């Protein structure tokens with residue numbers, strides 16, 4: 015049965031890039047959150063309930079099928095609200111994790127200045143069409159900090175998740191962060 019690795023954190027923290035590097039060194043598949051976001055947003059308005067519902071449905075169905083496969087593992091990325099939407103986030107995440115016998119959660123955090131730089135990197139813009147409007151993307155990143163708490167408080171993540179690791183990757187390259195994850199969880 016495949017393993018499940020969830021990489022969470024705020025926008026532009028490096029979830030996809032770390033996931034790409036982790037996929038290279040583990041042979042796991044990467045299912046980053048914008049794979050569904052970009053598809054669903056072409057049909058449903060980003061701010062509507064139908065967008066959120068369809069995005070969740072597609073992700074769950076992909077993961078459900080993947081859990082039955084003979085693959086080694088899957089790396090999934092996304093934001094996780096430790097604040098006002100915690101109960102909804104936890105319920106959805108648990109639903110995904112319960113599909114797999116082995117699951118791991120990695121939380122990334124980085125300084126705002128670094129995240130604003132990463133928000134404009136070629137790799138990010140190549141894989142995330144919705145982020146190519148740099149003015150909107152920067153405003154969305156800053157606005158989300160006011161509306162959501164996308165990083166855990168000290169000691170909080172360990173209480174919420176089994177097999178959990180938090181990394182401040184402000185000054186750590188993606189390949190090194192991936193190596194740390196692989197070693198910590200023996201992937």
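Numbering (the working numbering), first residue to last: 15 to 201.
Quick reminder that beta carbons are idealized off the backbone N, C-alpha and C, glycines included.
Please read these numbers as outputs of a predicted model, since none were measured by experiment.
Mind pulling the alpha helix (DSSP H) runs of 4 or more residues that sit fully within the segment 87–123? 100–111
If the criterion is Cβ atoms closer than 8 Å, does the pair residue 94 and residue 22 meet it? yes
Put residue 201 into one of helix, strand or coil per three-state DSSP. coil
Residue 75 burial status per 10 Å Cβ neighbour count (16 or more: buried): exposed
What residues match up with residue 165 in a beta bridge as DSSP calls it? Residue 165 pairs with nothing; no bridge assigned.
Just mark residue 24 as buried or exposed, buried being the case when its beta carbon has 16 or more other beta carbons within 10 Å. buried
Using only the alpha-carbon positions, how far apart do residue 132 and residue 60 sit? 22 Å
Quick check on residue 37: buried or exposed, where buried means 16 or more other Cβ atoms within 10 Å of its Cβ? buried
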